[in-house]
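In our numbering, the protein residues as written are 103 to 430.
Using N, Cα and C, we set each Cβ at its ideal position, and we do this for glycine too.
Here the structure is a predicted model, which means the values were calculated and not measured.
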Amino acid sequence: MKPLFLPIALLTLAAQAQNNPYILAVDEYVPAPGQFINTMPAYEEGDDAASMAQKCTEYLANDAGRTVCLGAWGGYITFHFDHPVVNVVGAMDLYIKGNAHTGNAEAGIVMVSQDENGNGLPDDSWYELSGSADEDEFGVRYDYELEYTRFGDSLDIAWSNNLGNAGFINRNPFHTQDYFPAWLESPLTFVGTLLPDNATDTSGNGSYWVLEPFRFGYADNLPNTDTLGCSFNIDWAVEPLSRKAVSLSHVDFVRVYTALHQDCGRIGETSTEISGAEDLHPDALPAAIHPVSLPRNEKGAAFDLFGRRLAPEQGGFVVRERKLILRR
Ligand SMILES: [Ca+2]
Ligand SMILES: [Ca+2]
Ligand SMILES: [Ca+2]
Ligand SMILES: [Ca+2]
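Dropping the structure here:
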C-alpha cells in the first residue's frame, strides 16, 4: 500500500534536503537613529517598513554580503532562514558577520525566537543569547529603556532613558542626511540590555577612540575572520530579564540589536552592523523529527517537517503509521 511508505520517503527527503545555510529574508528592520541611518540601506521617498526590510533582505540574503547599520542603542534587525536553526547541543549553531575590526568592536546582542503560534511572523517570545559580559562585567543593565525624539529636519536626535538621563545623537559633517529613520514615527522607544561602555579616548583629545571587544557572545564584536568569536550557541538562550536559562531545540527567528549606548566624539555614536548570517549545520534535524524520538503514534495526525502538529487545513504530510517508521 503506497501511502504507508510515503511518510518514510518524505522523512528521507527531509533528511537529505539541502537547506540554504544563509539568511532567506529580513522580517523587520527597526534601527535607532544614527549617522548611517537612511543610507545603509538607503531610504527613498515612499519607502515604508516593508520596503526597508526588503532592501535589507537584498543586502543580506543568500550571503550577499552588504552591510546594514542598526544605529544607536536598541536598533534591531530580525531575520530567518529557509528552515529552523537546530540547536545542536554543545555546538555553536549560528555564525553572524558584522564589520568589526581591531579597536572597533560595536557589540550587538543576539536574540532568538520560536514561531510558537505558527503564523510565520516574529511575534512570539524572545530570548537573549547570554554573552561574556554576563560573566565578566559589572554594570550590565537588563532593564534599559531609551526613547529617541526627532525635533525637526537636520537637528541632533534627542534621547532620554529610564535612569533619568538625556542627551543627543549628534550630527557630524561627514553624514548630512537626517539621522532619524525616515519611515518610522518619533518618538521611538527601545527596551533591552545595556552593555557597559567599551570605548576609550586613548589620545586624550578625542582624536583616537579604541572600542575593545567583549570576550564572546556578541555580533559585530570580533572580526569576521574570527569564526569562533562570531559564532553563537542557542544553548546560551536566557530570559531577557531574569537571565534564567531556556532550553530551545531550534529557533525560527534571529534578531540582533545594538547593545552599547555611547558617543565617541568625532566618530559618533556606537552602532552595530550586520553583513550576513549562516546556520552552521543547516541539515541537522531537530530532535523532534528524528524518527526514534517522534511523539507516540496517533493515526491520522499531520505534522510538518519540523515535527509540529498541523491543523487539518494546513496540509503538510500525514504520518499514518508511525510504528512502521519506528521499526526501521
Ligand atoms: Ca548549540
Ligand atoms: Ca561595526
Ligand atoms: Ca509567530
Ligand atoms: Ca557602526
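For residue i, which three-state DSSP category applies?
i: Ser-153; result: helix
i: Ala-390; result: With a pLDDT of 47 at Ala-390, under the threshold of 50, the predicted position of this residue should be treated as unreliable, though the coordinate-derived value follows. Note: Ala-390 maps to helix in three-state DSSP.
i: Asp-195; result: coil
i: Cys-332; result: helix
i: Trp-338; result: helix
i: Ala-209; result: coil
i: Arg-357; result: strand
i: Tyr-320; result: coil
i: Glu-314; result: coil
i: Glu-160; result: helix
i: Gln-120; result: coil
i: Asp-165; result: helix
Taking the beta strand (DSSP E) that residue i falls in, what are its first and last residues?
i: Asp-238; result: From DSSP, Asp-238 is part of no beta strand (DSSP E) but of the alpha helix (DSSP H) over 235-238.
i: Ala-301; result: 301-303
i: Asn-263; result: 259-263
i: Tyr-145; result: Element bounds for Tyr-145: n/a, residue is neither H nor E.
i: Thr-291; result: 290-296
i: Val-132; result: 127-132
i: Arg-243; result: 243-251
i: Trp-228; result: 228-231
i: Asp-184; result: Run containing Asp-184: none; DSSP gives neither H nor E here.
i: Glu-380; result: 378-381
i: Ile-271; result: 268-271
Here's a check: name, in chain order, each residue in its chain whose Cβ is nearer than 6 Å to the Cβ of residue i, leaving out the five neighbours to either side.
i: Gln-364; result: Asp-299, Ala-301 and Thr-372
i: Leu-290; result: Tyr-250
i: Gly-402; result: Residue confidence for Gly-402 is low, a pLDDT of 45 falling below 50, so the modelled location carries little weight and cannot support an answer.
i: Met-154; result: Tyr-131 and Trp-285
i: Ile-272; result: The identity of residue 272 in the sequence shown is Asn, whereas the question assumes Ile. Excluding residues within five positions, the ones whose Cβ falls inside 6 Å are Asp-258.
i: Leu-350; result: Asn-189, Ile-336 and Ala-339
i: Pro-283; result: Pro-133 and Ile-139
i: Glu-160; result: none
i: His-392; result: Caution applies to His-392, whose pLDDT of 39 falls short of 50 and renders its modelled position unreliable; the model cannot decide the point.
i: His-185; result: Asn-121
What residue from the options has the CA that sits closest to residue i's CA?
i: Gly-167; options: Leu-297, Leu-248 and Asn-326; result: Asn-326
i: Gly-173; options: Pro-123, Asp-280 and Ala-235; result: Asp-280
i: Thr-304; options: Glu-247, Ile-211, Thr-329 and Cys-366; result: Cys-366
i: Asn-219; options: Phe-355, Ile-179 and Glu-147; result: Phe-355
i: Trp-175; options: Ser-377, Thr-360, Glu-375 and Ala-386; result: Thr-360
i: Leu-196; options: Ser-333, Trp-338 and Ala-386; result: Ser-333
i: Glu-239; options: Asp-149, Asn-335, Leu-297 and Ser-377; result: Leu-297
i: Ser-386; options: Tyr-229, Asp-217, Asn-140 and Val-353; result: Checking the sequence shown, residue 386 turns out to be Ala, not Ser. The shortest Cα separation from Ala-386 among Tyr-229, Asp-217, Asn-140 and Val-353 belongs to Val-353.
i: Arg-243; options: Phe-282, Val-188 and Val-293; result: Val-293
i: Thr-374; options: Asn-201, Val-187 and Ala-152; result: Asn-201
i: Glu-341; options: Ser-377, Ala-163, Ser-227 and His-277; result: Ser-227
i: Ser-377; options: Pro-135, Asp-165, Asp-150 and Tyr-145; result: Asp-165
i: Gln-137; options: Ala-163, Ala-151, Gly-177 and Lys-199; result: Gly-177
i: Trp-274; options: Ser-288, Ala-260, Ser-256 and Lys-199; result: Correcting the residue type first, residue 274 is Asn in the shown sequence and not Trp. The candidate whose alpha carbon is nearest that of Asn-274 is Ser-256.
Which residues in the same chain as residue i place their Cβ atom closer than 7 Å to its Cβ, once the five residues preceding and following it in sequence are excluded?
i: Ile-369; result: Trp-311
i: Cys-158; result: Val-128, Tyr-131, Pro-143, Val-170 and Ile-179
i: Ser-262; result: Glu-249 and Ala-268
i: Gly-308; result: Gly-367 and Arg-368
i: Asp-149; result: Trp-285
Are the C-beta atoms of residue i and some chain B residue less than 8 Å apart?
i: Glu-237; result: Any reference to chain B falls outside this structure, which holds one protein chain only.
Leaving out five residues on either side along the sequence, give the residues of the same chain with a beta carbon under 8 Å from the beta carbon of residue i.
i: Asp-225; result: Asn-219
i: Glu-146; result: none
- Task: Say whether the region 257-267 touches the region 317-337, bearing in mind that this needs 3 or more beta-carbon pairs closer than 8 Å, one atom from each stretch.
- Result: No, they do not touch.
- Query: How about the region 118-127 and the region 369-389: do they share at least three Cβ pairs that are nearer than 8 Å?
  - Reply: With the cut-off at 8 Å, the region 118-127 and the region 369-389 touch.
- Is the region 199-213 in contact with the region 229-237, if contact means three or more CB pairs nearer than 8 Å? Short answer: they touch.
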